[in-house]
Amino acid sequence: MSFSVLNIENKRLELLGVLEDSNSARAKLIYINEFLNSLLKTNNKQIINAYLTEFSEKYFELISSFDPNCINPDLTQKIISQAKEVSDYLADPGSDKKYIESLTFLETRYAAVKKYLSGMNYDLLQPNFYFPLLEELQLPLNSFKLSLLESVSIQIKKSEVKNSLNIIPSERELEYKIKEQVENSWQLAVDYLKRQVRKISQFHEVVISLDSKWGIVQGNSLGASLTLSFIKELLKFYNAPILLNSPNDVAYTGGLDRNGAITSVSNPLIKNKVEAVFYSGIKTFAVPKENEAAAQEMLNELKQKHPERKLKIIGVEDFEDLISRRNLVDIKKINPVLRGGKFALKHSLSIVLVIVLMAVISISGLIDFDDNPATLVYDNQQLKVYNKNKKLLWSEKVGNFPSYVLDGPLVKKQYALFTDVTGDGKNEIILSNKLFGQKMHDPEYNNIICYDYAKRLVWKHNFSEVVSTNTITFSSEYRTKFIGNYELNDRRILFVIAKNYYFPSAVFGIDIATGELATEVFWHSGHLDEGLIYKDSSGISDKLIVGGVNNGFESASFSVLEISNLAGQAPAPPNYRLHNIPQAELFEYILLPPSDYSFFKNSRYNAVIQDHLIFEDKKIRVGTNEVAGLGESASVIFYYFNPDFSVNFIETGDSFQHDRDKLVKEGKLSPPLTYTQEYFEILKNNIKYLDGDKFVGKSEYFLKRR
């Protein structure tokens, strides 16, 4: 008994020291919890009451302030269970009331944690640039880690002398990494601001407040969050034309160096951060790209116990990658009228005079106020964006284009899309990476880019999937072209063809508003050169049609897919099948085999060619280049299909007819002549339709359909 009392007294003195220290409130509660465990084990009511009286007020205060977010729920459950056990020793009615209120408050918060762990809808967090913060304390309960979601508030003033960047509260000297990160984040934010605002002050006085008031930050992993917070406040401070916010329920981690690269952390540390976020209300966690695999591994491990928890890990490479993702950063344009309000109040008389003057000039036609992009012109290795009145809005230096990218000086719609992405009434421009001419292995090689009217980046999408066959693993580099846009599940989707420099091609959809991948991916073992969104006359389901060449079957081909189901790959011989990708659920898959002229010319294959997959007069026209394997053009056959994909009729191009007929007359090819019903029947009978796991001719295929 005397040893037990002495032991309790020593723990009491230790606890008093902890409570006087600068530990967080949650850490203090853990120490009280551990002390009370030892106290309750005495089973001596007098000893328990004596010591409990001293700490009860602080105990209830800490329980009522305890935030169960970012903490293993087993710890919260232990705290609740112990609090209920302590209630047996409470005698003071006032204490009982405080106890009931404290416990009820904690149980309510704990219920919210269990709600999002079970996958239920929740809305616990205000939008902010959160980052997980880990407590580096020696806690008595070594099996649990204490973490929290931290965020910062920024105050900015102009300065005449120098930049002053201060963090408050700060309980100790800031370590070098944090100082360096604050400076890097500030400079990156200022650089971004200069893209939006012409003139800014050279110096600023900045106060960074930690919203939790804990004040203990180590390392540089707050970098991404801090940079975005700086940008948000700078844009508001300078009345910029855009606003930047965090989407709901997103957290960020990772330092940023001066060049904008997001620096990785150790895998054990990233796993601790994933665990912290997992037990919070966060739905999306942005991590350094190098840590993505370790983060996903930890997420999978945690989901074994809570499989319904909805959390997505996104790996981010650098600042530009981060700022361009609309699921991580919300950027909106400000209504010019609202934006101008603040300026107008200060300069109302001057503005009235300017308006009158500008109205006179505008009426006379001397000034064009229209900054809405309308056309994209290629001129002397430059892309030039014009409004409808041919006023130049901006330009971009690029490389030489292949001729098929252009219609005269205009860039074709397959490589540039003008559309209002942000809903402000002005067009944004979405550009294929084919227009920029980066060298292979350049990190920017695959980017599809969306710019606004002022050439500010709205988003970018980088498609870099790696696929393989039995014999080869293909590079992750693709050239892209656009099929068209379509509203699917209340989202505007841009459908894209991506061609590897070897033979794989992919078809997918991206969200026009955010640049995110919005569909599954359809794979094809052969280049796809044309696509068409086909409005099904039956009204059952619209289709996506893509055409090109199937390298395995050495034949022109086209695929017909349900527009809402792109998953899988097209049929191919074993050596051309892509690993771990199932065969797609195709509505139709049709081969248009090479003609006798192709074989005579020793062309390995024919192919569906660009600009010759068209829906017209209730028919689908498919054009094939019969010497595509030689890189030659102009030898074209046109197939016209009915809505049920039976052949309506066939035509041939003049060059194909002339060249083939010459060979027939010379006895080098067998009759009949080209532009005859007999030859067209030969071509029709060569067409192959996919029927289950084999290809059959048109007669057998449509006989089964009847």
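Under our numbering, the sequence shown is numbered contiguously, ending at residue 721. Quick reminder that beta carbons are idealized off the backbone N, C-alpha and C, glycines included.
>> For Tyr125 and Pro83, I'd like the C-alpha separation in whole angstroms.
In response: In the sequence shown, residue 125 corresponds to position 110, counting from 1. In the sequence shown, residue 83 corresponds to position 68, counting from 1. The straight-line gap from Cα to Cα measures roughly 6 angstroms.
> What beta strand (DSSP E) runs, 3 residues minimum, are completely inside the segment 409-491?
Replying inline: Under the rule that a run must span 3 or more residues, the beta strand (DSSP E) segments found entirely inside the segment 409-491 read 431-434, 443-446, 462-466, 472-477.
>> Using a Cβ-Cβ distance cut-off of 8 angstroms, determine whether Lys327 contacts chain B.
In response: Of the protein chains in this structure there is only one, and it is not chain B.
> When the Cα atoms are used, what is the spatial distance from Ile676 to Lys699?
Replying inline: For the purposes of this step, residue 676 is taken as the residue at position 661 of the sequence shown. For the purposes of this step, residue 699 is taken as the residue at position 684 of the sequence shown. The sequence given here places Asp at residue 676; Ile does not occur at that position. Taking the straight line joining both Cα atoms gives about 19 angstroms.
> Is Val212 closer than 8 angstroms to Leu180 when the C-beta atoms are compared?
Replying inline: Here the question's residue 180 lines up with position 165 in the sequence shown. Here the question's residue 212 lines up with position 197 in the sequence shown. Pairing Leu180 with Val212 gives a Cβ-Cβ distance that is not under 8 angstroms.
> Does the Cβ of Phe334 have 16 or more other Cβ atoms within 10 Å, making it buried, or fewer, making it exposed?
Replying inline: Counted from its first residue, the sequence shown places residue 334 at position 319. Classification of Phe334: buried, given that the 10 Å Cβ count is 16 or more.
> How long is the line joining the alpha carbons of Glu69 and Leu163, rounded to whole angstroms?
Replying inline: Position 54 of the sequence shown, counting from 1, holds the residue named residue 69. Position 148 of the sequence shown, counting from 1, holds the residue named residue 163. C-alpha separation (whole angstroms): 29 angstroms.
> With DSSP run on the structure shown, which of helix, strand or coil describes His539?
Replying inline: Here residue 539 is taken as the residue at index 524 of the sequence shown, counted from 1. Secondary structure at His539: strand, using DSSP grouped into helix, strand and coil.
> Taking the Cβ atom as the reference point for each residue, do Phe497 and Leu432 lie within a distance shorter than 8 angstroms?
Replying inline: By 1-based counting over the sequence shown, the position of residue 497 is 482. By 1-based counting over the sequence shown, the position of residue 432 is 417. Between Phe497 and Leu432, the C-beta spacing is below 8 angstroms.
>> Going by DSSP in three states, Pro283 sits in which element: helix, strand or coil?
In response: As a working mapping, residue 283 is identified with position 268 in the sequence shown. Helix.
> Going by DSSP, what residues sit across from Thr667 in a beta bridge?
Replying inline: Your numbering for residue 667 matches position 652 in the sequence shown. Ile652, per the DSSP bridge assignment.
> Which residue comes first and which comes last in the beta strand (DSSP E) that contains Leu593?
Replying inline: In the sequence shown, counting from the first residue as 1, residue 593 sits at position 578. Element bounds for Leu593: n/a, residue is neither H nor E.
>> Please state the DSSP three-state secondary structure of Lys403.
In response: Position 388 of the sequence shown, counted from the start, is the residue given in the question as residue 403. If DSSP states are grouped into helix, strand and coil, Lys403 belongs with coil.
> To the nearest whole angstrom, what separates the beta carbons of Val292 and Leu271, a pair I think is in contact under 8 angstroms?
Replying inline: Stepping through the sequence shown from its first residue, residue 292 is reached at position 277. Stepping through the sequence shown from its first residue, residue 271 is reached at position 256. Between Leu271 and Val292 the Cβ distance is about 19 angstroms, and since that is not below 8 angstroms, they are no contact.
> In whole angstroms, what is the alpha-carbon distance linking Val302 and Ile512?
Replying inline: Taking the sequence shown and counting its residues from 1, one reaches residue 302 at position 287. Taking the sequence shown and counting its residues from 1, one reaches residue 512 at position 497. C-alpha separation (whole angstroms): 29 angstroms.
> DSSP state of Pro686, grouped into three classes?
Replying inline: Stepping through the sequence shown from its first residue, residue 686 is reached at position 671. It is coil, neither helix nor strand.
> Starting from Lys172 and walking both ways along the beta strand (DSSP E), at which residues does that stretch end?
Replying inline: Here residue 172 refers to the residue found at position 157 when the sequence shown is read from its first residue. First-last of the beta strand (DSSP E) with Lys172: 167-174.
> From Ala533 to Ser261, what does the alpha carbon distance come to, in whole angstroms?
Replying inline: Residue 533 sits at position 518 when you count from the first residue of the sequence shown. Residue 261 sits at position 246 when you count from the first residue of the sequence shown. Whole-angstrom Cα-Cα distance: 21 angstroms.
>> Under DSSP, the beta strand (DSSP E) around Ile257 begins and ends at which residues?
In response: Numbered from 1 along the sequence shown, position 242 holds the residue referred to as residue 257. It spans 257-260 - the beta strand (DSSP E) in which Ile257 sits, taken as one unbroken run.
>> Check whether the segment 619-627 and the segment 678-688 touch, using three or more Cβ-Cβ pairs below 8 angstroms as the test.
In response: The segment 619-627 makes no contact with the segment 678-688; the number of CB pairs closer than 8 angstroms stays below 3.
> Is the beta carbon of Ser224 sitting closer than 8 angstroms to the one on Val167?
Replying inline: Taking the first residue of the sequence shown as 1, we reach residue 224 at position 209. Taking the first residue of the sequence shown as 1, we reach residue 167 at position 152. Contact: yes.
>> With H, G and I counted as helix, E and B as strand and the rest as coil, what does DSSP make of Gln584?
In response: Position 569 of the sequence shown, counted from the first residue, corresponds to residue 584. Taken through DSSP and simplified to helix, strand or coil, Gln584 comes out as strand.
>> Determine whether the beta carbon atoms of Asn89 and Glu165 lie at a separation below 8 angstroms.
In response: Within the sequence shown, numbered from 1, the residue matching residue 89 stands at position 74. Within the sequence shown, numbered from 1, the residue matching residue 165 stands at position 150. Reading off the sequence shown, one finds Asp at residue 89, where the question assumed Asn. With respect to the 8 angstroms criterion, Asp89 and Glu165 are not classified as neighbours on the basis of their beta carbons.
> Got a sec? Which residues, its chain only, sit under 6 angstroms from Pro283 by beta carbon, not counting five neighbours each side?
Replying inline: Taking the first residue of the sequence shown as position 1, residue 283 is located at position 268. If we look at Pro283 and ignore the five residues flanking it on each side, it has no Cβ neighbours.
>> Which same chain residues end up closer than 6 angstroms to Pro608 when comparing Cβ atoms and leaving out the 5 residues on each side of it in sequence?
In response: Your numbering for residue 608 matches position 593 in the sequence shown. Excluding positions up to five away in sequence, the list reads Ser570, Asn701.
>> In this structure, how does DSSP classify Leu156 when only helix, strand and coil are distinguished?
In response: Within the sequence shown, the letter at position 141 stands for residue 156. Note that Leu156 has pLDDT 49, beneath the 50 cutoff, so the model's placement of it is unreliable and the number below is only indicative. Leu156 falls in the coil class under three-state DSSP.
> Quick one, are the C-beta atoms of Phe518 and Ser491 less than 8 angstroms apart?
Replying inline: The residue labelled residue 518 in the question sits at position 503 within the sequence shown. The residue labelled residue 491 in the question sits at position 476 within the sequence shown. Phe518 places its beta carbon 8 angstroms or farther from that of Ser491.
> Run through DSSP, which three-state label would Ile329 get?
Replying inline: Locating residue 329 in the sequence shown gives position 314, counting from the first residue. Residue state, collapsed to three classes: strand.
>> For Thr689 and Ile605, what's the separation of their Cα atoms in angstroms?
In response: Reading the sequence shown from its first residue, position 674 is the one you call residue 689. Reading the sequence shown from its first residue, position 590 is the one you call residue 605. Roughly 23 angstroms between the two C-alpha positions.
>> Quick check on DSSP: helix, strand or coil for Pro108?
In response: Walking along the sequence shown from the start, residue 108 turns up at place 93. Residue placement at Pro108 is flagged as unreliable, the pLDDT there being 44, under the threshold of 50; the coordinate-derived value follows with that caveat. Three-state result, Pro108: helix.
>> Please list the terminal residues of the continuous beta strand (DSSP E) segment that includes Asp526.
In response: Residue mapping note: residue 526 aligns to position 511 of the sequence shown, counting from 1. For Asp526, the uninterrupted beta strand (DSSP E) segment begins and ends at 519-526.
> Where do the ends of the alpha helix (DSSP H) carrying Glu569 lie?
Replying inline: Residue 569 sits at position 554 when you count from the first residue of the sequence shown. Unbroken run through Glu569: none, as it is neither H nor E.
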